[in-house]
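**Q**
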Amino acid sequence: MKRPVLFLLALLLLAAAMFSLSLGQYHVPIKDLVAYAGWWIFGLGELQLHPEKAALLNNILLNIRLPRIIAAMLIGASLSVSGAAFQALFVNPLVSPGLLGVLAGASFGAALAMILAKSWLLVQISTLLFGFVAVGVAVGVAKVYRIHSIIMLVLGGIISGAFFTALLAIIKYTADPSNQLPAIEYWLMGSLSSIDRGTVVIVSAPMLIGILVVIFHARQLNILSMGEEEAQSLGLNVRCVRLTVIFFATLISALTVMVGGMIGWVGLIIPHICRMIVGPNNEVLLPATALMGALYLLLIDNISRLVFVFELPIGIVTAIIGIPFFALVLNNAQRGWR
Amino acid sequence: MSDLIEVAEVGFSYRKKTVLKQVNLSFHSGEIVTLLGPNGSGKTTLLKIMLGFLPPDSGTVSFAGKPLASHSPKALARRIAYVPQLHREAFAYSVEDVVLMGRMPYHNFFSTFSKADRDLATAAMEKLEIAHLRQRPYTEVSGGERQLALIARSLTQGADVFIMDEPVNGLDYGNQMRLLQGIKNLAKEGLTFIMTTHFPDHALMTADRVILLQQGSVLADGLPEETITRETIFALYRIDVDVVPVNGSGRVCLPVWSTCTKN
Chain C
193 MKRPVLFLLA LLLLAAAMFS LSLGQYHVPI KDLVAYAGWW IFGLGELQLH
243 PEKAALLNNI LLNIRLPRII AAMLIGASLS VSGAAFQALF VNPLVSPGLL
293 GVLAGASFGA ALAMILAKSW LLVQISTLLF GFVAVGVAVG VAKVYRIHSI
343 IMLVLGGIIS GAFFTALLAI IKYTADPSNQ LPAIEYWLMG SLSSIDRGTV
393 VIVSAPMLIG ILVVIFHARQ LNILSMGEEE AQSLGLNVRC VRLTVIFFAT
443 LISALTVMVG GMIGWVGLII PHICRMIVGP NNEVLLPATA LMGALYLLLI
493 DNISRLVFVF ELPIGIVTAI IGIPFFALVL NNAQRGWR
Chain D
8 MSDLIEVAEV GFSYRKKTVL KQVNLSFHSG EIVTLLGPNG SGKTTLLKIM
58 LGFLPPDSGT VSFAGKPLAS HSPKALARRI AYVPQLHREA FAYSVEDVVL
108 MGRMPYHNFF STFSKADRDL ATAAMEKLEI AHLRQRPYTE VSGGERQLAL
158 IARSLTQGAD VFIMDEPVNG LDYGNQMRLL QGIKNLAKEG LTFIMTTHFP
208 DHALMTADRV ILLQQGSVLA DGLPEETITR ETIFALYRID VDVVPVNGSG
258 RVCLPVWSTC TKN
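Residue numbers (the numbering used here), protein chains in the order written: chain C, 193 to 530; chain D, 8 to 270.
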């Protein structure tokens, strides 16, 4: 009954991706796009385009637009799915993917590598590494006190997040204010403008796998959101499910920071909107949030790169558009969890 | 009757505070056992140890002749169901979704709920007369209906032992009585109920056996009419009561107000 919604969302996403490919400073008519795609993917017919134009299209579509579109979709899906999964895991619909400190840790890692290392690869590795370190600290703090409660984990997350935010402040303070500090600040605003094809190729597989693993835990998350003891009484290995979901949610969240910097609000807004549409059952909700999150960030990215004369960081646009919308639907959104 | 659950020399403490000391109990199939005792007497802790949520500091719990820990979580879930106290839920799953959760112990990671699973859930909901609520959000039905949904889930789970922590807590009088009646009916089919309560009357009405807990020790264990007396209730709660027969069909526990106010 709710499956058609998923199908519809998938179709919309596909259409939006096609549409986004044609949008930009250099307008590519849908007609040319279809002809080019048919020729490039399926080897259909003779390419009717001038060779010079074909080379240009090749560069614009495959090297610039497509990587960016894929990145936007993967980031949107990752943040939304990890947000929805955390909300079930922590039995709280107001939780966002950064709860255990992954975003703070990853930001610190990125900033640290930006001032110490010159290589882009090191920045990326450091981002991912410190995303995991921060979540490790949160889980570790919860473990030290040996209280098997979600509250300790949340407190661990708050502690870890605050700690890495403080470390980030130190990095910013010591950074060279003429070039390093602005670079860090822009990074934290979140942007997809510096996406390169190589990065997207590398992160696509782990992000997709991470998203799928989390989605496949839907029923386990349903049960876990009824409370830890109930889940255990239904035969669930609570520890194992919790750690697996935390691991993969951390992986995909840290990867979003690695690709596009800090992009806030998506992980909170999209699960809420989806819960209004398909209800709280994670079996439908998680795939719906993945598709809706991808669609949302794709549209937001189009706005951020096209509407203004200059390109606005996507992290700012998600907040500017997302927050008022969230405020508008808040009354409705309650229905899913009150 | 065979011993289904055996609690032997179980002791437990939270940090420095002793909650249970050398508790020995056995539970048989097909009986309704009510645990009675004041707040902090260790009732809930005992249930949690019997469910395997908490490992005891000393002593053992065995189920069907084997230590609890030697059963796999899924195997245990197919036999023992847990009905928690009424609590506020964060997500508005439909009643049917909640009841279907009872089929989880029968599935591996990839298998999905089948028509047979849904039929079992429907049968359980029909049995407890809540089938008309199946599409309603679990958070919006009444407390009594929510408890019934959880019992339907336990039936769907295929369990034959139901462990319930204050099942009537938060229900109005009518729903309390309907729930207790439902429990009595299910016990006639051979299901075992182990539940805690704050109401001696409920124990007198439903229980085959009553266990009184006081400061982590068993004060009495036996038939309701033998265990719930003026003396034991005073020992547990410091309240004077009369346990009086009514119409020859049962007993009720009435507080004696004059002495209560004097205290």
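Where is the CB? At the ideal position from N, CA and C, for every residue including glycine. Keep in mind that this is a model prediction, so the values were computed, not measured.
Which residues, in chain order, does the region 283-297 of chain C contribute to contact with chain D at a C-beta distance below 9 Å?
**A** 283, 284 and 285
**Q** Using a 10 Å radius around the Cβ and a threshold of 16 neighbouring Cβ atoms, would you call residue 478 (chain C) buried or exposed?
**A** buried
**Q** Between residue 205 (chain C) and the rest of its own chain, which residues show a CB-CB distance below 8 Å, the 5 nearest in sequence each way excluded?
**A** 265, 483, 486, 487 and 490
**Q** Within its chain, find whatever has a CB closer than 6 Å to the CB of residue 8 (chain D); leave out the 5 residues flanking it on each side and keep chain order.
**A** Low confidence applies to residue 8 (chain D): its pLDDT is 47, below 50, so where it sits in the model is not reliable, and the reading given next is rough at best. So the qualifying residues of the chain are 35.
**Q** Could you pull out every residue in the same chain whose Cβ sits closer than 7 Å to the Cβ of residue 75 (chain D), ignoring the five residues on either side in sequence?
**A** 59, 68 and 69
**Q** Alpha helix (DSSP H) containing residue 142 (chain D): first to last residue?
**A** First-last for residue 142 (chain D): undefined, no H or E at that position.
**Q** Just the C-alpha distance for residue 61 (chain D) and residue 28 (chain D), rounded to the nearest angstrom, thanks.
**A** 15 Å
**Q** Under the rule that 16 or more other beta-carbon atoms within 10 Å means buried, what is residue 286 (chain C), buried or exposed?
**A** exposed
**Q** State the CB to CB distance for the pair residue 199 (chain D) and residue 53 (chain D), rounded to an integer number of angstroms; the pair is presumed to be in contact (CB under 8 Å).
**A** No, residue 199 (chain D) and residue 53 (chain D) are not in contact; Cβ-Cβ is about 15 Å, not under 8 Å.
**Q** Interface residues of chain C around residue 94 (chain D) at Cβ under 8 Å?
**A** 419
**Q** With a threshold of 8 Å between beta-carbons, can residue 83 (chain D) be considered close to chain C, or not?
**A** yes
**Q** If contact is defined by three or more beta carbon pairs under 8 Å, each pair taking one atom from either stretch, is the region 459-479 of chain C in contact with the region 339-348 of chain C?
**A** no
**Q** Answer with yes or no whether the minimum CB distance from residue 99 (chain D) to chain C is below 8 Å.
**A** When Cβ-Cβ separations below 8 Å define contact, residue 99 (chain D) makes contact with chain C.
**Q** Taking DSSP as the reference, what is the three-state secondary structure of residue 248 (chain D)?
**A** strand
**Q** Indicate whether the contact test is met: 3 or more Cβ pairs, each with one atom in the region 160-169 of chain D and one in the region 76-89 of chain D, closer than 8 Å.
**A** Flag = yes, the region 160-169 of chain D and the region 76-89 of chain D touch.
**Q** Cα separation between residue 361 (chain C) and residue 296 (chain C)?
**A** 11 Å
**Q** Helix, strand or coil, according to DSSP, for residue 455 (chain C) in the structure here?
**A** coil
**Q** Would you give the residue range spanned by the beta strand (DSSP E) that residue 31 (chain D) belongs to?
**A** 24-35
**Q** Locate the beta strand (DSSP E) running through residue 170 (chain D), then write down its first and last residues.
**A** 168-171
**Q** In or out: residue 241 (chain D) buried (at least 16 other Cβ within 10 Å) or exposed?
**A** exposed
**Q** Of all the residues that make up the region 467-491 of chain C, which are near chain D by a beta-carbon distance shorter than 7 Å?
**A** Cβ contacts with chain D: 472 and 473.
**Q** Kindly indicate the opening and closing residues of the alpha helix (DSSP H) around residue 416 (chain C).
**A** 410-416
**Q** So, are the CB atoms of residue 41 (chain D) and residue 213 (chain D) less than 8 Å apart?
**A** Yes; because the gap between Cβ atoms is below 8 Å, this pair is in contact.
**Q** Considering just the uninterrupted stretch of the beta strand (DSSP E) at residue 221 (chain D), what are its terminal residues?
**A** Run containing residue 221 (chain D): 216-221, per the beta strand (DSSP E) assignment.
**Q** So is residue 294 (chain C) buried or exposed if we call it buried at 16+ other beta carbons inside 10 Å?
**A** buried
**Q** Give a yes or no on whether the minimum CB-CB distance between residue 316 (chain C) and chain D is below 8 Å.
**A** no
**Q** Would residue 60 (chain D) count as contacting chain C if we go by Cβ distances under 8 Å?
**A** yes
**Q** What distance in whole Å lies between the Cβ atoms of residue 325 (chain C) and residue 348 (chain C), which are believed to be in contact at a cut-off of 8 Å?
**A** For a cut-off of 8 Å, the C-beta gap from residue 348 (chain C) to residue 325 (chain C) is around 13 Å, too long to register as a contact.
**Q** Once the 5 residues before and after residue 98 (chain D) are set aside, which same chain residues still bring their CB inside 8 Å of it?
**A** 146
**Q** To the nearest angstrom, report how far apart residue 114 (chain D) and residue 420 (chain C) are at their CA atoms.
**A** A direct Cα-Cα distance of roughly 19 Å separates residue 114 (chain D) from residue 420 (chain C).
**Q** Does DSSP put residue 367 (chain C) in a helix, in a strand, or in coil?
**A** Note: residue 367 (chain C) maps to coil in three-state DSSP.
**Q** Nearest by alpha-carbon distance to residue 394 (chain C): which of C:333, C:195 and C:451 is it?
**A** C:451
**Q** To the nearest angstrom, how far is the alpha carbon of residue 529 (chain C) from that of residue 193 (chain D)?
**A** The predicted position of residue 529 (chain C) is uncertain, since its pLDDT is 49 and thus under 50; a value taken from the coordinates is nonetheless stated next. Rounded to the nearest angstrom, the two C-alpha atoms are 32 Å apart.
**Q** Please classify residue 473 (chain C): is it buried, with 16 or more other beta-carbons within 10 angstroms of its beta-carbon, or exposed?
**A** buried
**Q** In angstroms with no decimal places, state the Cα-to-Cα distance between residue 373 (chain C) and residue 384 (chain C).
**A** Roughly 19 Å between the two C-alpha positions.
**Q** According to DSSP, which residues form a beta bridge with residue 1 (chain D)?
**A** Past the edges of chain D, shown from 8 to 270, lies residue 1 (chain D), and the structure says nothing about it.
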